[in-house]
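Down below is the structure, laid out as C-alpha cells.
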Amino acid sequence: MARIFFPFAGEDIVVDGLPDNEHITWTDMARRNGRMAHALMEAETIQATEDVRAISYDELVPGQFEVLLPILTRHTSSSRGWFLLWEGFGTGVAGSAYNRQVAAVAVALNLEYDQARRELVLVKLSTPTWEFNFRATAADLAGLSSIGDADWQAGRSLHIGESAGAPVHWAAKEETATIMVGHDDQTWDIALIVPIATVDTIVADAADGSWRLGHFEPG
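With the numbering used here applied, the sequence shown corresponds to residues 1014 to 1232, in that order.
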C-alpha cells in the first residue's frame, strides 16, 4: 500500500503567466519546521505552530501526475480493465478518517529458544502477499493488550518484540495497528498495517499457551 502526500500550498507565484501557488512537499515542510519526515506523519505534526498552518491540496497536482503516470504505465500491460486500486489513508472531509482496507492476516505462534535457552514465542503474521516474523517473551506479548492506548502522535507507542535483530514498535489508530521495525518508532525501517483484531489474536493465542506444542530449535 502506497501513501501519496498532496503538497501544501505555499506563497503566491506566477507560472506560465498565470497565478498559482508554490507547492511545498511534506518533506520540505517538515525540514522548514525542524521536524522529521516519515511515512506516518500527519499535517499537524510537521508544522511548527497551531496558529499559522499551511493547507494541503486535496488532489494530485500536475507535478505529481508527471511522476506517477509513468510508474503506473510500467505496471499496466493490459488494454482492458482498471489499473488503480485506491485504499484511503489519512484525514478526509471535516477531519474524518478514511477507512483503511487492510487484508486479513493469519497468525501462527510457536515455541523457540534463544542462545541463552530463554523461552520465546515466535510469531508469524502472513497474508497471500507477505510474511512477517518476530520474537518476544509471552509476558511481553501480554503487553499488546493495551494496543488501543498506543497513540503514536502522543508518544505512547509500545515496544515489544524483535525482528531481524531490530526492536519492534506498535501503534494504533482507529481499527488498525501499525507495526514498525527499526531503531525506534521515529526512524524505523519497515512498517506494516494490520487490523487491531490481529493484535488481539496474538494476545489471546500467547495467553492460551498452545504454542508450546510447536518447537523450533535454532541451528
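For each residue, glycine too, the CB sits at the ideal point set by N, CA and C.
Quick caveat: nothing in here was measured; it's all calculated off a predicted structure.
- Excluding five sequence positions before and after PRO1075, none of the CB atoms of its chain fall closer than 6 Å to its own CB.
- Around the beta-carbon of HIS1182, 16 or more other beta-carbon atoms lie within 10 Å, marking it buried.
- Note that the C-beta distance between ALA1052 and ALA1155 is not below 7 Å.
- Relative to LEU1133, the option among VAL1028, TRP1224, GLU1024 whose CA is nearest is TRP1224.
- Inter-residue distance for MET1193 and GLN1166 is about 14 Å (C-alpha atoms, whole angstroms).
- Per DSSP, reduced to three states, the secondary structure at TRP1201 is strand.
- Nearest in C-alpha terms to ASP1213, of all of PRO1180, LEU1082, LEU1138, ARG1044, is LEU1138.
- With respect to ILE1037, GLY1023 sits close: the two C-beta atoms are nearer than 7 Å.
- A straight line joining the alpha-carbon of VAL1118 with that of PRO1032 spans about 49 Å.
- Listed as beta-bridge partners of LEU1031 by DSSP are VAL1028.
- Its Cα nearest to that of LYS1186, the residue GLY1161 stands out among SER1069, ILE1215, GLY1161, TRP1201.
- Closest in alpha carbon position to VAL1027, among GLU1035, PHE1021, PRO1020, is GLU1035.
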